[in-house]
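> Mind looking over this structure? Questions follow.
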Amino acid sequence: MTDLIHLQAQMADADKKDYAKVIKEFEQYCNPKQNVLYERFRFYNRSKELGETFEHYIQELKSLIKSYKDEMLKDRIIFGCSDKHLQEKLLNLKNIELKEVIDTCRNYEITKKQVKVIQNDKVDIPVNAVKAERLK
């Protein structure tokens, strides 16, 4: 409460009577500016963790950038990719848009799971051989 009194004391007398200016000062007091450098630091240091789904990773990145451009999100997805084969594939695509990056990553993750299932289905069936001695 004392902070609000302090805030009011700092305002010019003419501004104290202007409702819009009082509200603006109050909002600035309650919602301080974000430290953009710190927010970018958090964003650029967020990599996809092993075992984390792409969907979870993309949601986390989106929550970190809030008002930043798609370019930053696209860069972070590519630079933070833990699968080097996928990262190389994305880097080889020229002028790729964010939607293409997201679609490629989703498809890659799905395909990788499907290939794993297919490979697990190809289990060799063991053949038991009986060695018989020949009668003379």
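Residue numbers (my numbering): 10 to 145.
We put the beta carbon where it would ideally sit given N, CA and C, even for glycine.
1) When the Cα atoms are used, what is the spatial distance from Ser91 to Asp130?
2) Check each candidate in Leu73, Asp79, Phe63 and name the one with the smallest Cα separation from Glu106.
3) What three-state label does DSSP hand Asp130 in the structure shown?
4) Check whether the Cβ of Leu107 lies closer than 8 Å to any Cβ atom in chain D.
5) Three-state secondary structure (DSSP) at Asp27?
6) For Phe52 versus Ile32, is the C-beta distance shorter than 8 Å?
7) For Tyr117, I'd like the list of residues in its chain whose CB is within less than 6 Å of its CB, leaving aside the five on either flank, ordered along the chain.
8) Compute the distance between the beta-carbons of Lys122 and Gly89, then report whether it is under 8 Å.
9) Among the candidates Cys39, Lys93, Val126, whose CA atom is the shortest distance from the CA of Leu59?
On the basis of the supplied data:
1) One-based indexing of the sequence shown puts residue 91 at position 82. One-based indexing of the sequence shown puts residue 130 at position 121. Between the alpha carbons of Ser91 and Asp130 lies a gap of roughly 27 Å.
2) Counting from one through the sequence shown, the residue named residue 106 turns up at place 97. For Glu106, the nearest C-alpha among the options comes from Asp79.
3) Within the sequence shown, residue 130 is the residue found at index 121, counting from 1. Here Asp130 sits in helix by DSSP.
4) Note that chain D does not occur in the displayed structure, where there is just one protein chain.
5) For this step, residue 27 is matched to residue 18 along the sequence shown. Asp27: coil per DSSP, three-state reduction.
6) Translated into positions along the sequence shown, residue 52 becomes position 43. Translated into positions along the sequence shown, residue 32 becomes position 23. Contact: no.
7) Working through the sequence shown from its first residue, we reach residue 117 at position 108. Excluding residues within five positions, the ones whose Cβ falls inside 6 Å are Leu95.
8) Taking the sequence shown and counting its residues from 1, one reaches residue 122 at position 113. Taking the sequence shown and counting its residues from 1, one reaches residue 89 at position 80. Against a cut-off of 8 Å, the Cβ pair of Gly89 and Lys122 comes out as no contact.
9) Numbered from 1 along the sequence shown, position 50 holds the residue referred to as residue 59. Just measuring C-alpha positions, the residue of Cys39, Lys93, Val126 sitting nearest Leu59 is Lys93.
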